[in-house]
Each structure stands twice: as C-alpha cells, then as structure tokens.
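Novice: I'd like to ask some things about the structure below.
There are 6 protein chains.
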Amino acid sequence: MDIDEGLIFAYAADLLKEDLGRGDITSMAVVRGGRQAQGRFLAKQDFVLCGLEVAEAVFTSLDGRIQLEARAYDGEAISAGTEFARIEGPAGVLLAGERTALNLMQRMSGVATLTKAFVDRVAGTGAAIVDTRKTTPGLRLLEKYAVHVGGGRNHRFGLDDGVLIKDNHIALVGGVRRAVELARESVPHLMKIEVEVANRSQLRDAIAARADCIMLDNMEPDEIRHCVELIREQAPGVIVEVSGGVNLESVRTLAECGADMISVGAITHSATAVDISMKIAPI
Amino acid sequence: MDIDEGLIFAYAADLLKEDLGRGDITSMAVVRGGRQAQGRFLAKQDFVLCGLEVAEAVFTSLDGRIQLEARAYDGEAISAGTEFARIEGPAGVLLAGERTALNLMQRMSGVATLTKAFVDRVAGTGAAIVDTRKTTPGLRLLEKYAVHVGGGRNHRFGLDDGVLIKDNHIALVGGVRRAVELARESVPHLMKIEVEVANRSQLRDAIAARADCIMLDNMEPDEIRHCVELIREQAPGVIVEVSGGVNLESVRTLAECGADMISVGAITHSATAVDISMKIAPI
Amino acid sequence: MDIDEGLIFAYAADLLKEDLGRGDITSMAVVRGGRQAQGRFLAKQDFVLCGLEVAEAVFTSLDGRIQLEARAYDGEAISAGTEFARIEGPAGVLLAGERTALNLMQRMSGVATLTKAFVDRVAGTGAAIVDTRKTTPGLRLLEKYAVHVGGGRNHRFGLDDGVLIKDNHIALVGGVRRAVELARESVPHLMKIEVEVANRSQLRDAIAARADCIMLDNMEPDEIRHCVELIREQAPGVIVEVSGGVNLESVRTLAECGADMISVGAITHSATAVDISMKIAPI
Amino acid sequence: MDIDEGLIFAYAADLLKEDLGRGDITSMAVVRGGRQAQGRFLAKQDFVLCGLEVAEAVFTSLDGRIQLEARAYDGEAISAGTEFARIEGPAGVLLAGERTALNLMQRMSGVATLTKAFVDRVAGTGAAIVDTRKTTPGLRLLEKYAVHVGGGRNHRFGLDDGVLIKDNHIALVGGVRRAVELARESVPHLMKIEVEVANRSQLRDAIAARADCIMLDNMEPDEIRHCVELIREQAPGVIVEVSGGVNLESVRTLAECGADMISVGAITHSATAVDISMKIAPI
Amino acid sequence: MDIDEGLIFAYAADLLKEDLGRGDITSMAVVRGGRQAQGRFLAKQDFVLCGLEVAEAVFTSLDGRIQLEARAYDGEAISAGTEFARIEGPAGVLLAGERTALNLMQRMSGVATLTKAFVDRVAGTGAAIVDTRKTTPGLRLLEKYAVHVGGGRNHRFGLDDGVLIKDNHIALVGGVRRAVELARESVPHLMKIEVEVANRSQLRDAIAARADCIMLDNMEPDEIRHCVELIREQAPGVIVEVSGGVNLESVRTLAECGADMISVGAITHSATAVDISMKIAPI
Amino acid sequence: MDIDEGLIFAYAADLLKEDLGRGDITSMAVVRGGRQAQGRFLAKQDFVLCGLEVAEAVFTSLDGRIQLEARAYDGEAISAGTEFARIEGPAGVLLAGERTALNLMQRMSGVATLTKAFVDRVAGTGAAIVDTRKTTPGLRLLEKYAVHVGGGRNHRFGLDDGVLIKDNHIALVGGVRRAVELARESVPHLMKIEVEVANRSQLRDAIAARADCIMLDNMEPDEIRHCVELIREQAPGVIVEVSGGVNLESVRTLAECGADMISVGAITHSATAVDISMKIAPI
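Protein chains in written order, with this note's numbering: chain A, 1 to 283; chain B, 1001 to 1283; chain C, 2001 to 2283; chain D, 3001 to 3283; chain E, 4001 to 4283; chain F, 5001 to 5283.
Structure (structure tokens):
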C-alpha cells in the first residue's frame, strides 16, 4: 500500500525530535549564520531504494525552503557508488536532519531490499510474499510501505483492520470452529476471517466453519502440499497462507507447495540498515 | 545508562497504540468477558535478555492489575527453551499487548545480544564498545539501554547532549582547528568536545586545538596504532575513539590498537530480532 | 463491536477538557472543601441505555475514587422515571463532570435507541441494520459502539479498515470493473472489496469483477428485488447491502427485498439526545 | 460569536484523523497518481449554510494547494438543488476529506437551520434564543458558532467562562442566597452571576442576593409572566432567562412572557444533519 | 480562584519533562537501586507559602507512592528557618523532581508574597488588589492561584473569559461608545463589559454606553478621585478599576481614591523567587 | 547557545494558546472584518533587547502573512523611548497576540538585562557568568537563550545533558569520592563530571577522584581563593565554578578570587519584566 503524504510528514517531524532534543549544539556553535550548503546522498552498497520522501520530509519539517532533487525513486535498484539524490538548504538544517533522514532511509531501504530478495526467490511460483506485524515498534506504516516497495504484499496494519485467529485465541476459546463462529457474529462484514491451523484436525474445523483464509502454521512442505490440496478441493476460493520461520533458504520450497502467500516476519524483524552516506559541502 | 521508569511506561503505552488502533477486533469478538489467562514467555534461541520491564509496561498500560513474574532479568544470558517470565491477567489484555511486547523485547534483546558479542570479542584489550546515533528512529532510548545491558557504553543520546564535530562540519567551516575553537566559545562547560579526524594532518590540528576526545575515522589498524601513540605522547588525557564500518571480524584487531573505545553502528543498525514466543492459556 | 476500556477512558478524559477549560468556577466558588455527595441518574423518557461506562470514566478521569453503582447496563430498555445508576464522590467532582457525562450518555443512548427502532422494524426479514461513516466527527467509536448496543452491525470504522468503492471513485477511474481490479491488486488480502452500483449495467460489471460485496444504492424496491435475485444466481456468496436515504417508514419494505443488510446513515446522523437528568445531593 | 481561523484549522485537521486512520486505502488503490479533480457541493434540501470554512480546512489540512470557490456564505439560506461551492485539487485529497467535511458541514448547518427556526418563531417578541452546554462533546465551539450563524446568542462556552448556579449547587449549599454570596466572594469581577430558580421563594432570594441574571427554570407561562414582572419591578437591570424543555411549539408562548432570553438545549442536542452531497469528477 | 487538582497534576507532570529530558543521568549513575530517602523543605527567608500541592504533584507524577507530609498550607506565612514539609520516597525520585518542584514553589510563593504585600498596604481602604494578564507565559493558572492565595482577586484568565476594551481597540474602532456597543451585540450575556478610559471625555462615553466596569488608566490621584465621584453619581453599580504602573509606594494613595479595585501587573511580572531549600537524606 | 527556529515557533504557538483559549472575544466583537493595522513596539525603560523573534513567532503562528520589521536585534541595548520594531497584519491578529508577545519579550529582555549587569560587573576578571537550572518552569530554553544574549554562558539545560553531583547526592552515597567514581563508570564519555564541594576535605576528595569541574559552594572569598589555588596546583585543567547566593553586590569580589565561572541563579529566578508597550493603529 502507498502511504499518505501527510502521514509521512508527521512521522518525519516527530522522529526528528528524538535526535534534535533542545537543538543541534555542535552545528549551532560551529556553522553560524544561514550559509547555504548542498548534500549528496551516496549509495555505499547495492540496494533497493526506499524512503526518499520520508528523508525529504525530515528536512522540510525543519525548514520549508529545502529543495531535494531526486535522481532515483523508491523501488529502484541502486548500485554502490551512485549519487541518487541532492539536497540544498541552510547548512544548519542539513546537519540537523542528516542522521534521522539517513537512519530512516537506511532502514526502509533495508526492508525493501530484503523483501525484494524473497520476492525474487519465489518468482514464477504464483505465491506472494506478505509481511506480518513483526515490525519495528513505531515504524509500522513506514516498514509496510517498504515491503510494498520491495514487491511484497501487506497483511494487517494493526489489530483493528483484520481478523486473524491465532493459536492463543484457539487455546482460550476451545477450538477453531467456535472461534471462527464467534468472530463471524460480530466483526464488520468487510473483513475476512483468517484462522491459523497447526494440523489436519484444525484444518477440517476451519473448512467446516467456512473461514475465508487459512494460515498453515509451521508445517513441513509435504504436509503443506497435502493441506493445500484439501483446501482447493473442499473450500475453493479460500486463501491459503503459509507461515512460520521462513527464510531465504526455505522460501522457494514452501512457495512451490501451492499456497497463495508466504508470510515472512524476517523481512521486517531481521532486515538491517543499508549503507548510505550524505556528504555536505558549501555552495 | 539506566532508563527512567516513567519514560519506559510512556514508550510502551505510546507504541502499543500503533498496533491497537481502534481495538483488537479479533480478541474482542472471540474471547468475550473478562476471563483470566496466563502467558508464558519462552526463549526459542540463546540470547541476552533485555526489555522485560518494557514488555511489562505494555500490558500494564492496558490494565494496571496485570502481574508479571520475572524468572530472569535484563542482562542475563537465556538459553533456548527457557521460560523466563510469566504474566497473568485478563485474556483480552494479554492478547492485545502480546505482539507489541514481543516486538520490543525481541528487538531490545537483539541489540543486547549483538552488543555482548562485540564486548566479548574485545575482552582484555581495555577498549570499550560504544554505540552511535545510528539507532532505530523512535527507539533510541530503548536501544541505548540495550547497549548498556549488553555491556557496551553509551555515546551521545542526541544532538543536544554532546559535541561531536564530524567531517561535514569540518568541510563547512574550513578546518578542524577552527571548528574546535568555535565550539569551545559557546558550548556549555560540562560538555567535552570531540572531533573526527581522517588523517594525520587533521589529527595534529585536533591536538593543537586541545580537543577533549578524538575520533579516528575509517583508518587502517597500523595508522590507528600510530595515531594513538601520537595522542598518548602529545595529548595525555585525551580520549581516543575508533570508528568506521567495524564488524565482528575486525573489532578485535582494532581494539588492540590501543584506543579507549570502538564505536560500532552495527550493534544498533544491524541487530535483528531474537526469537521469543508467548504462550497464552486459561487459568 | 465492543470498545476497549482504555479507549473509553481516553475519550472521556479528553472530551471533559472541552467543558472544564481552566476549571469549574461556579462549583469551586460555591461548594468549597471536599464534601461528599451522591448523584442519581434518572430517565426522563423511555430509551435504550448506552454509555454508562463512558459517563463513569468522565468522573473517574477527574478523581479515581469515584464509585458508580449501575442498576442497569448498556443495551437495556429503560423506562421513564427509572433511576438507573448512582454515583458517589466529592461534590465538586460530580458537578464538574455532570454535563459532559450526560451529553455523552444522552447522545449514545439516542443512537442506540434509534438503531433499536430500525432493528425492530426489520425483525424476521433476515436483513441486518448496519451503520455508515456518517457519524458525529470525534465520536465515531462511541457511536459505532452505540449502534452495536442497539442491535445493529458495524460497517467500516474509517477509511483504513475496509474497501468501499463509491460513485466518486467510479467516476474518476472510468468504471466499476477497472476500479475493483485496481483495488484487488494492492489491498491487504484480509479485506473484502465492496462496490456501490446504481444500475444493472454497473451490477453486471461488479459481478464480473468478482466484488465480495455489492451495495445497491438508491434503488426502488422492485429494482432491488431484481438485483438481489441476479446476485444470488450469478454470484452466490456475495454480500448484498442496500443503501440510500433509508428511514423508519421505508426500511421494512427494503428489508423484505432479500438483501443481507440495510445501511442507515440516519441512526447516527439523525439521532437526537434522550432525556436524562442527574440529581446531586449531599450525603 | 465568531470563531478563530487557527482554531477552525486545528479542529478540522484533528477530526479528519479519526476517519483517515492509516490512510484511505480505497482511494490509494483505485485513484493512483496525482490526477486533479473537481468537487461540487450540492444542497439536497433547504437549509441555513454553516461550516464552509471548516469543510475547506479539512481539505487544506491534507494539502495546502486545494482551492475552494464559495458561491454562498455561512448564514445564507440555501435551496434544495443549489450548488453552493466548488473545490479543486488532487482527486485523492478530495476523496480522503469528503466524508469528514460533509459530516461537519451537515451537522453545523443542521444546528444553524434549527436555531433559525426557533429565532424566526420568536420574531418581534424581544426575546433572544440562546444556546446551552448541551452540545455534542468535542464540537462545542463549532456548534456555538452555528448557533450564532443561525441568529441565536451564545451562553457559556464552558464551566470556566461564566457563573451559573444551578439546582444541584443550591441543593448542596443549602439555598439560593448563600450560593450567590459565595460566588460573589471569589469569582472574577468581569463575570456576572446567574442563578436558576424554580419557584417564587427562590426568586425572592435571588433578588435579595442581587444576582445579575435569573434563570426561571421549568415554569408555566403564567408563572413566568408573574416572575418577570416581579424582577422588572424589584430588580431592574437583571437579565431574565427562561429555560426547560423548550420546543418549537412552546417557544413563542414563552417568548411572549417578557423574558430577555429563552435558552434551548434542543438547538444543539436535537439538531440532525442536513443533506448535502459532494460530486467529484476529473478535470 | 482555586485550582482544579487534575490541572495541577497536568501542569506538574508537563513542566517536569523540561528538566528531566531523557533522564536524570547524575542520579541514575550515583544513587543506584531503589533506596528510600527523605526530603525536608526549609524556608531560607520569610514568605507566604504557595504551591505545596504543585510541588507534591511533581513528585507523584514520577512515582505514585511518594508521601508528602505538609506542616503548613498554602497561604500561611512561613518564617525563615521553618521546615514546612517533608517528603518520603525513592531517592532517585526525590532527586529528579527536586529542582522543578522548588522552581515552581519558589515562584508561586514569590507571587503570593508580593501580592500579600500589596494587599496589606491597602488594608482598610475597601479597594481590592487584582491581577492582570501580565503573567509568566505557561504559568498563568498557577500564578493567578498564587495571587488568590496572597489575598488578591483574579481578573480575566485569558482573552476568552471576559471582555476588556483597551486603548488599542478604541484606536481601531474609533471611540469608546462604538466599541462598547459592538461588544454588547455579540458577547455572551454572562460577561460584563469593561472599558479602559484615559480621560474625562472617554469616561463620559463609557458611562453613556453603559459599560459594566470602567478602568481608569494611568491617571493622577486627583483625577482618579474626580472620575470615581462622577461614576458613583451617574452610573451607580458600575465597578471602577484603577490601573497603570502601580507599585508598593503608590498603591495606598491610589486605593484611597475610592475605586473598587487596583490592578497590579507587578504582582506577577515583577515577583521574584523566594528562597527554599530541600535537604535529602537516606532513611 | 543559540536557539533553533523550529523550537521558537513551537514555544510561541504553544504559549499563545494559554491566553487565547477559545478565542479573543473582545477583539472579535469589536474589530470585525479583516482590517489591516500596524503595531509599534516602544521601550518604556532602558534594557537589553531579547525575544524579538519569539514575539514575531507568536503573531505568525496566528497568521503566516504577518510582517515584522526589526529596527534592533537581540542583544542590543535599547534606550527608553525607542521604537525598536514595527509589525503589520490584520488588526485581530495583532490584538490576539499582543499580550503573549509582550509577556515573552518583557521577561526575556529582563533576563538578558540582568545578566548583562552581572557580566559588566565582573569585566576584566576572567570569570564568566553562568546560569543555573533555577529558571521559570516551561521557559528554560528561552531564558537560557536570554542569558546567552546578555553575555552569560549556559550551564546544563536539564538533568540529562550534564553531570553535576550535588550535596544531596553526596549525602545519599556517602562521600564525594565514591560519587565521582560511580558517575565515571556509567555516564557517556563526552560528559564532564562536576562535583559540588562545601569544604576542603570534600575538595581534596574531588581532586583525588579526578573530577573535571569543581563547584565551590557557599564559601567566603578567602576560602574560595585558597581552594582555587589548591586546584590550580594539584589539578591543572580542572574548571572551577563558584556558586551560592551571588548578587550584584558580591559578584565582583567573588570573581576576583580566580575561579573560571560564577553561577548566578538570580539572573533567571529574580529577573523581572522590562517595560515595553505595543501601540496598534489602523493603516
């Protein structure tokens, strides 16, 4: 999913405050006056770019007159050594926003890059890569956008925009069937009901309860293949999601089992920052 | 550095909102009424625990009557398979807080665990591992606390609580010496002045300007060794920090060059989540 | 849908500030000291009670020691003259919270009562009454909860938790079919796609595009009946919603046309306050 | 009273968030890119317009480049079928703001329209129609402005900007006289003191205590007439307010009893939304 | 006017953040663990105590278990050397809140003490001392409360709770009379209308326009005496306020001119902090 | 230290709300429509100007089109009678912002003026005047900026950006030496450690513990002189601060004792407002 401009600005302005605190004392002391400067964003490794507008918003939240010239866009593959954007404005503003802008862009690009690796790995299987709620607290919208930019699809954005009945719910309510029925009684009609199943007995209950989506959790490939067949036969139209400790090594095998989507917590919880530098010089 | 209890609570309550939104519709539909449940936190891998109080605060921000029984504490090494904490309270509260609590604890433990690995690697060299401002936007205090829990030391918490003159400042102001002098003119007397140097000429300027700390940026081990000797001779008492693309392979060699501290962006920007599960059952 | 306790408290505390401002100058001047008082809530007309916990939260947000004794619960039919709750606490607190608590409870009960009237009118037809986003700005969660309490079902809670393609979208994108396809490409898989149709041609497109839900907008009963039949034949499993200027006079006829649900903006945008008084006396 | 522009903007931006949440997923999926569109606001019934600037602010809070062309102004009588305003901007912005803008304008116009009906009913009697604090929580300033636009006058805006001693205060303090005296001791000298009286004995006390305004609560017309005469004789200059369950049927008779103002809770607590549509088309 | 407990807590918690920032690093480093301590508040000069509850709220906002034992109350005259309160709780909490609590109490007591000096100076004249809006930005409610505690009366709390037509308004609108009439047309009926006059011509206009209060601005004692007589004769019941550069030397002479109140900006804008210390020791 | 523009705006906008509340009812009633006006800022006494940008931000936070023409700048000595700035914009905006802008500028100029008096008094001694944390709650950044403008230096901005071990810490931890050692173990390496000593025994401990700065608290001039000599001999490079009840009479004598800086709480806690008026006229 795309992300609203107003929300981007709110994120950027809010996160900057954490670093800025009472002000950038080094820059205020060293770079006095309003001298103009230029910053160049350089890729120090190969990656999928993500977060350029967020980075821009960090600087514009400090000073509306900042100008960013993009030479690449979110979703593009950037090669090490490329200068992919330039920014101009008062030196003090470039210095104050630098770290927050980089931290955001480096993390978002990290998520997009890792997502792209998973998406490439399952190419041609018909299975989509979807994210989870295992995102960095405070950055969910930005990370889900990065998944989208990397070619993945988005699952729920929070506890309030989708119904997913998990093992803990089932343990509390006493069974898959009862849980799905309770959900159907009260959740809004525009929401599908997904239920997690760990074995064939739960799968049969899920089908009987007419769940809209079924998540096969932590199963071996053979078992997944068997379950997918069962669902296709007995519950055509039901979406099948495979989940559980998926990594770059295992994802292709799982994707070939016939499910509609593979959810991968790793694309957000195990992404690391890509290496980007910002070089500032007077103009 | 430790972290204030009030701040922990504020973080937890605030970050939970991102996931909770208008409410946990699945749990409200499925687990009706106020039934009590118990959650058990289980380690699915070896790691250094960090964030247990933050996780607790997530749940207590939802309901003040939640009881958490800790069987381990922040900083302890946890082995895969260990149940390190239990929590009791209304089932709906445990379900609503589960993901946010896990996301926080998994990330914080990831940072503490990676920090510990770096700290262990430099054992006996006399060099400390310090963090940077390359933290996840929005989580700086929590990640800096995790560095502390993992045995590392904390550098600046923001742009406002320390003076660090970097390459970009020097480029703008025209030299190391001038930059340090300008800083000394106006920054509060309780703050030391650190300056980044990339070569011997800059180092000589830094010494001449009587910087309190000198960061040797992106130098080879031999060059670092030489520079450290120079500083010890000509500027006794000055703190020496080594910085630049440090990883687990290179850190020991760098630490043996005699600097006081090695700063490592990776302990925050490249830490990944450790694997923790929370099993909820009725009581 | 139910409503989270924490959110209720946040609503109550926040809305009270609007009335309280810099403080209740009359009560501070007139009722000095901490004398205890009792407030009795009296129904001045028949209505369906809704909002008692919200009213309680208004007072407890002022003073945690307030005690409310409920003699009826949300969803109960209250007769004129009934004392349905009592509250005890410092007189100044009861006076300061009185108006906000009443305003909220009166409006929420008004929505529940009007919803109940619509629900009763369609009894036995199999059609559910659902709400819309035509709620009072700022009170959506509370009003949607009141709809639920009155026996209605909830539609989307906002623009972010469901997909509803309306006339304006169709006008911009050039057709029902294209719009549904575009939505399917990017929206999360747990969300159903609903599309509004105004005539048979659009209906055929909606069926062809495999929309999950179809809203028949502003049609005459005969036309609705015809369209419902078409959907049941050609698109079994698709949910049918009827919409457009529904009132207490027309709702039964519409409900008898066979749709799954009738959405009624009036239950929120045209509900009025029920009459409740709060009598305070010293104890 | 008029309403400050800055406050209008703050209201609009804040209330929009409730509907927008994490973003308008339908419009982001369906209406991609920045295509420009035009929205036309159409009256679907006769009403007194109110809230056009608030509606405009909803859109400009999303995007500062939105242009609204007003063809009518707050306070004008609009006939069914009239197009009273046009707006131009990115289609996604018009779609995202539509519902919140309409909900606000429909409710505010509803209040203005109902107020106007009461004001017209008492024309020539010399009595003003005034509002109460029985407003929709969260919308008080907007609804009080709508009362003003509809020709009514504003009573207190909150508990902090006027002194009104009501039955509950009197019950707690033991009498009208004592209550007025206590108020006079400590309230700011620019505030008048109003007291509610329910019978002649209380009225005599109010006059003796030299209240600045007297509210005759829930009295029959004959009794009101008698009391007004008494006040005019014995306490010239005192403002007389009539209050209690006033409706369109009773208001003229009450107004003819000679009081200065009739306060009507119904103009806010029982106003309903007027019918306005917004048609969006590409340009 | 008294001040609401909830507001006191909000003030205290909010203002503490300014000092606390990311945490009290000295105390966290030095005073580890949860050791209990006792703090004693000592007067280092004579003053009128004000702000004890605010100081308490600073500490309880950090930790709800803090216990404060008051040995004196707001409004009491405290002699140098007196220990007027004790507080017990975790040492880290006492240290973190100390400065903010003292800063607030010292300033509030400063305002109360200076107010008391003015009030004592006019004893027996029948004139009240009233404050102005020349308060410290951000602390208005607390400073107005301190004026009340010191025996003064409160004027407007803001631009929104009273009508005061000043020289700048008159310059813009073209005359006292027109200004008063315009105000009467639209301001709520519970608000009195005060107008500032600088000479007899303006005074005659103010009387003719039936202003409720008249402020004699920057006049000599003889002129004040004359104007007061004129008002008493021609406009009995009108409140007379004297204003303009009043100090402890001039206030008695002005008070003897017969006005109802003397407004003194100095009691807030020129109050200085009284000297209070807090001694912390382990228990 | 200078102050960030974004922070200035945030301060101004936030503090204005306290005065504005629900709106400036006098000006809205009296000065209708958007008529333009001009305001002239006039010095009514001699002072050091401070806060002009903050004052400007108060008005621009209300209306972005306001134009302020400065005829003097922060730090300049202004003579009584000087018109030091003009502002143009809608009359209603000038009236609404007037009091808050003046209150801020008057207080900030008051602090700058008093600081300048202290700075002038110690001219030639080599000792700097530094501020303390005894600032007005809520205005710390603005007051510290005013100290800087007046020629003083800034000490800590909060509990989180410097380490200062005071008498209360020492009492709790059992000695100067232990306290300094504990601090060194955990505080960030860019922060110096300052410790307060009250006698020679503590001074010897502070030197032995290698504190970076030593504060001589409440000592007589002779004792200060002796201690400074001791520090210069035994701990060259350590910064010496003198503290404790310093006033304009005593400061020169203290400054001549050889310390590096004299900290003066009075420059913030005992500064009073300078007298500035704003005259508004139509244009």
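Positions of the beta carbon are idealized from the N, C-alpha and C atoms, including for glycine. Bear in mind that the values here come from a model prediction, so they are computed numbers and not experimental data.
Please state the DSSP three-state secondary structure of lysine 3144(D).
Specialist: In the fourth sequence, residue 3144(D) corresponds to position 144, counting from 1. It is helical.
Novice: Please determine if the stretch 5072-5079 of chain F and the stretch 5089-5106 of chain F are in contact, where contact requires at least 3 C-beta pairs separated by less than 8 Å.
Specialist: They do not touch, by the three-pair rule.
Novice: Run down chain E in chain order and give the residues with a C-beta less than 7 Å from the C-beta of threonine 5115(F).
Specialist: As a working mapping, residue 5115(F) is identified with position 115 in the sixth sequence. By Cβ distance, chain E contributes nothing, its closest Cβ being about 15 Å from threonine 5115(F), past 7 Å.
Novice: Who are the Cβ neighbours of valine 5274(F) in its own chain at under 7 Å, not counting the five residues just before and after it?
Specialist: By one-based count along the sixth sequence, residue 5274(F) stands at place 274. Result list for valine 5274(F): Gln5045, Phe5047, Gln5106, Ser5109, Gly5110 and Thr5113, in chain order.
Novice: Can you tell me the Cα-Cα spacing of histidine 3189(D) and valine 4240(E), whole angstroms?
Specialist: In the fourth sequence, residue 3189(D) corresponds to position 189, counting from 1. In the fifth sequence, residue 4240(E) corresponds to position 240, counting from 1. Each residue's Cα considered, the two are about 10 Å apart.
Novice: In chain C, which residues lie less than 7 Å from glutamate 194(A) when you measure between Cβ atoms?
Specialist: Within the first sequence, residue 194(A) is the residue found at index 194, counting from 1. Going along chain C in sequence order, the residues near glutamate 194(A) (Cβ under 7 Å) are Leu2190.
Novice: Report the start-end ranges of each beta strand (DSSP E) in the stretch 2072-2142 of chain C that is 3 residues or longer and not cut off at the edges.
Specialist: 2083-2090 and 2128-2130
Novice: Relative to the C-alpha of isoleucine 24(A), which candidate in Ala1183(B), Phe1009(B), Leu1142(B) and Ile1207(B) has its C-alpha closest?
Specialist: Along the first sequence, one-based indexing puts residue 24(A) at 24. The displayed chain sequence assigns aspartate, not isoleucine, to residue 24(A). It is Ala1183(B).
Novice: Please identify the residue among Ser2263(C), Gln2038(C), Gly2092(C) and Glu2196(C) whose C-alpha is closest to the C-alpha of valine 2176(C).
Specialist: As a position in the third sequence, residue 2176(C) is number 176, starting the count at 1. Looking only at Ser2263(C), Gln2038(C), Gly2092(C) and Glu2196(C), the smallest Cα-Cα distance to valine 2176(C) is reached by Glu2196(C).
Novice: Compare the Cα-Cα distances from valine 1054(B) to each of Met1028(B), Ala1037(B) and Ala1085(B) and report the closest residue.
Specialist: Taking the first residue of the second sequence as 1, we reach residue 1054(B) at position 54. For valine 1054(B), the nearest C-alpha among the options comes from Ala1085(B).
Novice: Whose CA, out of Gly3064(D), Lys3166(D), Ile3214(D) and Val3119(D), lies closest to the CA of glycine 3152(D)?
Specialist: The residue labelled residue 3152(D) in the question sits at position 152 within the fourth sequence. Checking every option, the nearest Cα to that of glycine 3152(D) belongs to Val3119(D).
Novice: Is it buried or exposed for glutamate 18(A), if we count other Cβ within 10 angstroms and need 16 for buried?
Specialist: Sequence index remark: in the first sequence, residue 18(A) carries index 18 (1-based). It counts as buried.
Novice: Leucine 1007(B) versus chain E: which residues are under 9 Å apart at the beta carbon?
Specialist: Position 7 of the second sequence, counted from the start, is the residue given in the question as residue 1007(B). Within chain E, the residues near leucine 1007(B) are Leu4020, Arg4022 and Gly4023.
Novice: Which of helix, strand or coil does DSSP assign to cysteine 5050(F)?
Specialist: Mapped onto the sixth sequence, residue 5050(F) falls at position 50. Of the three classes helix, strand and coil, the one that applies to cysteine 5050(F) here is coil, per DSSP.
Novice: Flag leucine 4094(E) as yes if its beta-carbon sits less than 8 Å from any beta-carbon of chain B, otherwise no.
Specialist: For the purposes of this step, residue 4094(E) is taken as residue 94 along the fifth sequence, with counting starting at 1. Judged by the 8 Å Cβ criterion, leucine 4094(E) is not in contact with chain B.
Novice: Spatial neighbours of proline 236(A) within its chain, please: C-beta separation below 6 Å, excluding the five flanking residues on both sides.
Specialist: Taking the first residue of the first sequence as position 1, residue 236(A) is located at position 236. Cβ neighbours of proline 236(A) beyond the five flanking positions: none.
Novice: What alpha helix (DSSP H) runs, 4 residues minimum, are completely inside the stretch 3243-3268 of chain D?
Specialist: For the stretch 3243-3268 of chain D, whole alpha helix (DSSP H) runs of length 4 or above, ordered along the chain, are 3251-3255.
Novice: Could you give the C-beta distance for alanine 1037(B) and isoleucine 1280(B), rounded to a whole number, given that I count them as a contact under 8 Å?
Specialist: Locating residue 1037(B) in the second sequence gives position 37, counting from the first residue. Locating residue 1280(B) in the second sequence gives position 280, counting from the first residue. That pair is a contact at about 5 Å.
Novice: Taking 8 Å as the threshold (C-beta atoms), are aspartate 4222(E) and alanine 4198(E) in contact?
Specialist: For the purposes of this step, residue 4198(E) is identified with residue 198 of the fifth sequence, where counting begins at 1. For the purposes of this step, residue 4222(E) is identified with residue 222 of the fifth sequence, where counting begins at 1. Against a cut-off of 8 Å, the Cβ pair of aspartate 4222(E) and alanine 4198(E) comes out as no contact.
Novice: Counting only beta-carbon separations shorter than 8 Å, does phenylalanine 4059(E) have a partner in chain C?
Specialist: Counting from 1 along the fifth sequence, the entry for residue 4059(E) is found at position 59. At a cut-off of 8 Å, the C-beta of phenylalanine 4059(E) has no neighbouring C-beta in chain C.
Novice: How about serine 61(A) and alanine 12(A): do their beta carbons lie closer than 8 Å?
Specialist: To locate residue 61(A), count along the first sequence from 1; it is residue 61. To locate residue 12(A), count along the first sequence from 1; it is residue 12. Contact: yes.
Novice: For arginine 2200(C) and asparagine 2218(C), what's the separation of their Cα atoms in angstroms?
Specialist: By one-based count along the third sequence, residue 2200(C) stands at place 200. By one-based count along the third sequence, residue 2218(C) stands at place 218. Each residue's Cα considered, the two are about 13 Å apart.
Novice: Starting from the beta carbon of alanine 3179(D), find every residue of chain C whose beta carbon is closer than 8 Å, and list them in chain order.
Specialist: Residue mapping note: residue 3179(D) aligns to position 179 of the fourth sequence, counting from 1. Those within 8 Å of alanine 3179(D) in chain C are Val2030.
Novice: Using a threshold of 7 Å, is the CB atom of valine 195(A) nearer than that to any non-hydrogen atom of the ligand PLP?
Specialist: The model depicted lacks the ligand PLP and carries no ligand whatsoever.
Novice: With a CB to CB cut of under 7 Å and the five nearest residues on each side skipped, what residues in its chain are close to isoleucine 1116(B)?
Specialist: Here residue 1116(B) is taken as the residue at index 116 of the second sequence, counted from 1. First, the amino acid is wrong: residue 1116(B) is lysine here, not isoleucine. Closer than 7 Å at the Cβ level, and outside the excluded window around lysine 1116(B), lie Val1048, Gly1150 and Gly1151.
Novice: Strictly by DSSP, which residues pair up with phenylalanine 4041(E)?
Specialist: For the purposes of this step, residue 4041(E) is taken as residue 41 along the fifth sequence, with counting starting at 1. Answer is Ala4085(E) and Met4278(E).
Novice: Considering only C-alpha positions, which residue in the set Gly4258(E), Asn4247(E), Arg4232(E) and Arg4178(E) is nearest to glycine 4124(E)?
Specialist: Taking the first residue of the fifth sequence as 1, we reach residue 4124(E) at position 124. Here the closest residue by C-alpha is Gly4258(E).
Novice: Using a Cβ cut-off of 9 Å, pull out every chain E residue sitting near aspartate 5160(F), in sequence order please.
Specialist: Position 160 of the sixth sequence holds residue 5160(F). Within chain E, the residues near aspartate 5160(F) are Asp4019, Leu4020, Gly4021, Arg4022, Gly4023, Asp4024 and Ile4025.
Novice: What are the boundary residues of the alpha helix (DSSP H) that isoleucine 2025(C) is part of?
Specialist: Working through the third sequence from its first residue, we reach residue 2025(C) at position 25. Per DSSP, isoleucine 2025(C) belongs to the alpha helix (DSSP H) from 2025-2030.
Novice: Counting only C-beta atoms, is histidine 3148(D) closer than 8 Å to chain C at any point?
Specialist: Here residue 3148(D) refers to the residue found at position 148 when the fourth sequence is read from its first residue. Chain C, which has no Cβ nearer than 8 Å to the Cβ of histidine 3148(D), makes this no.
Novice: So if I threshold CB-CB distances at 7 Å, which residues from the stretch 1038-1068 of chain B count as touching chain C?
Specialist: Leu1062
Novice: Between leucine 5104(F) and chain A, is the shortest Cβ-Cβ distance under 8 Å, so that the two count as touching?
Specialist: Along the sixth sequence, one-based indexing puts residue 5104(F) at 104. Output row for leucine 5104(F): interface = no.
Novice: How far does the beta strand (DSSP E) with valine 187(A) in it reach, from first residue to last?
Specialist: As a first step, residue 187(A) is located in the first sequence; it is residue number 187 there, counting from the start. Segment: none, valine 187(A) is in no beta strand (DSSP E) and carries neither H nor E.
Novice: When you compare the CB of aspartate 4074(E) with every CB in chain C, is at least one pair closer than 8 Å?
Specialist: The sequence position of residue 4074(E) within the fifth sequence is 74, counting from 1. Taking Cβ atoms only, chain C never reaches closer than 8 Å to aspartate 4074(E), which makes this a no.
Novice: Compute the beta-carbon to beta-carbon distance between methionine 3215(D) and serine 3243(D), rounded to the nearest angstrom, for a pair I have assumed lies under 8 Å.
Specialist: The residue labelled residue 3215(D) in the question sits at position 215 within the fourth sequence. The residue labelled residue 3243(D) in the question sits at position 243 within the fourth sequence. Contact holds; Cβ gap of about 5 Å.
Novice: State the beta-bridge partners of alanine 1070(B) as determined by DSSP.
Specialist: Here residue 1070(B) refers to the residue found at position 70 of the second sequence. Paired residue(s): Ala1085(B).
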